[in-house]
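Just below is one structure, and these are the notes that go with it.
So, in structure tokens, the structure goes:
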């Protein structure tokens, strides 16, 4: 029991040291610039600082990732996903919370658009997949998107994590 408490204490300390001081704040709010289907940049209304986040729990195609229409025509799925996220967000103000660093050392966040979780809305629209390595929260909405051929599910595509891995070879 003492060992478990000590390990929990060390984990808490290392987690607090892990993030730079800019992420000691609880939330970032503002209008987003969509960088890709799962990455946003937001200028915080409160202090004017610019923050870039990967949306937690989801994974969208890379900008240069191709996919195929059912007729075999190649299209840029990453660009389609980015443009779809721009259409979902429009000019809405977002509030992003729950900052963590992922395995690639990127800051991840859960973002809200009003009372809607943006991360889940993107998966529901079919423009990103639930990223099971981080969370299973969006698996149900991914299944709905797949069954209804929404977004990426209209195309033949390789999951983004597999595509990235193949690019490193």
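In my numbering, the protein residues as written are 8 to 176.
The beta carbon of each residue, even a glycine, is placed where N, CA and C say it ideally should be.
*Would you report the Cα separation of residue 59 and residue 155, rounded to the nearest angstrom?*
Translated into positions along the chain shown, residue 59 becomes position 52. Translated into positions along the chain shown, residue 155 becomes position 148. The alpha-carbon atoms of residue 59 and residue 155 are separated by roughly 31 Å.
_Contact between the segment 80-88 and the segment 98-105 is defined here as three or more beta-carbon pairs at a separation below 8 Å; is this criterion met?_
no
*Could you pull out every residue in the same chain whose Cβ sits closer than 7 Å to the Cβ of residue 181, ignoring the five residues on either side in sequence?*
Absent from the structure is residue 181, since the part of the chain shown begins at 8 and ends at 176.
*Would you list the residues sitting across from residue 169 in a DSSP beta bridge?*
For the purposes of this step, residue 169 is taken as the residue at position 162 of the chain shown. None, per the DSSP bridge assignment.
*For residue 33, is the classification buried or exposed, using 16 other Cβ atoms within 10 angstroms of its Cβ as the cut-off for buried?*
The count along the chain shown starts at 1 and reaches residue 33 at position 26. Residue 33 comes out exposed.
*Where residue 78 falls, given that 16 or more other Cβ within 10 Å makes a residue buried*: Mapped onto the chain shown, residue 78 falls at position 71. That one is exposed.
*asked:* Taking the straight line between their C-alpha atoms, what separation do you get for residue 142 and residue 111?
replied: One-based indexing of the chain shown puts residue 142 at position 135. One-based indexing of the chain shown puts residue 111 at position 104. One C-alpha to the other measures close to 16 Å.
*From residue 72 to residue 163, what distance separates their C-alpha atoms?*
Within the chain shown, numbered from 1, the residue matching residue 72 stands at position 65. Within the chain shown, numbered from 1, the residue matching residue 163 stands at position 156. Spanning the two alpha carbons is a distance of roughly 12 Å.
*Per DSSP, what kind of secondary structure is residue 28 in: helix, strand or coil?*
Within the chain shown, residue 28 is the residue found at index 21, counting from 1. Note that residue 28 scores a pLDDT of 40, beneath 50, so its modelled location is shaky and nothing firm can be said.
_Does the beta-carbon of residue 76, which I'm using as the reference point, lie nearer than 7 Å to any heavy atom of the ligand MN?_
In the structure shown, the ligand MN is absent, as is every other ligand, since no ligand is present at all.
*If you draw a straight line from the alpha carbon of residue 109 to that of residue 134, how long is it in whole angstroms?*
Here the question's residue 109 lines up with position 102 in the chain shown. Here the question's residue 134 lines up with position 127 in the chain shown. Using only the alpha carbons, I get a separation of about 21 Å.
*Which residues mark the beginning and the end of the beta strand (DSSP E) in which residue 105 is found?*
Along the chain shown, one-based indexing puts residue 105 at 98. 100-108 is the span of the beta strand (DSSP E), which, as asked, contains residue 105.
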